[in-house]
Amino acid sequence: MSSSSSDGNYELPDGTVVTLESERFRCPEGMFKPSLIDKNVPGIHEMLYNSIMKCDADQRQALFGNIVLTGSTTSLPGFEQRFSAEIAHLAPSTMKVKVMALPSRDDLAWNGGSKLASEPTFRKMLITRKDYEEFGPSLIN
Numbered sequence: 849m850s851s852s853s854s855d856g857n858y859e860l861p862d863g864t865v866v867t868l869e870s871e872r873f874r875c876p877e878g879m880f881k882p883s884l885i886d887k888n889v890p891g892i893h894e895m896l897y898n899s900i901m902k903c904d905a906d907q908r909q910a911l912f913g914n915i916v917l918t919g920s921t922t923s924l925p926g927f928e929q930r931f932s933a934e935i936a937h938l939a940p941s942t943m944k945v946k947v948m949a950l951p952s953r954d955d956l957a958w959n960g961g962s963k964l965a966s967e968p969t970f971r972k973m974l975i976t977r978k979d980y981e982e983f984g985p986s987l988i989n
């Protein structure tokens, strides 16, 4: 699917052009306002704020000042700016908020998993099908 412009017209592989309007923004907006997708939970920025505020007061500045966005969803246009604005609005005025988004963030989970799998100790962490069938879900918990 290729975008012809920022107006929401997209050409499908068969040549059909579809126009998407507000639905282009519903999924990402649901991360900030989960009620839009029928979820009764805080937005992603509120979850982070709540987590930081549960930490020791002397650690909060370091946490607010070192927020790192990861995952391909954070690469959506405007996500970094929106997240930065939302978390800065919630943070105490005495806190300096810094949100970082690495260019390689789409691949960070894959890279981390790859590095973990290449460690010699990884084999000790594996759960085989045989083990799972013998011990069930309690093996994971």
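Just so we're aligned: 989 in this note's numbering is position 141 of the sequence shown, and the numbers increase by one with no gaps anywhere. A virtual CB, placed ideally from N, CA and C, is assigned to each residue, including glycine.
- For the stretch 857 to 914, the full-length beta strand (DSSP E) segments reaching 3 residues or more read 857 to 859, 865 to 867 along the chain.
- Fewer than three beta-carbon pairs drawn from the stretch 959 to 966 and the stretch 898 to 915 are found closer than 8 Å, and the two stretches are therefore not classed as touching.
- Excluding residues up to 5 positions away in sequence, nothing lies with its Cβ nearer than 6 Å to the Cβ of residue 894 in the same chain.
- Annotation for residue 984: no residue places its beta carbon closer than 7 Å to its own, counting only its chain and skipping 5 residues before and after.
- Assignment of beta-bridge partners to residue 917 by DSSP yields 949.
- Taking all protein chains in view, the Cβ of residue 934 is crowded by 16 or more other Cβ atoms within 10 Å, so the residue is classified as buried.
- The Cβ-Cβ distance between residue 873 and residue 930 does not fall below 8 Å.
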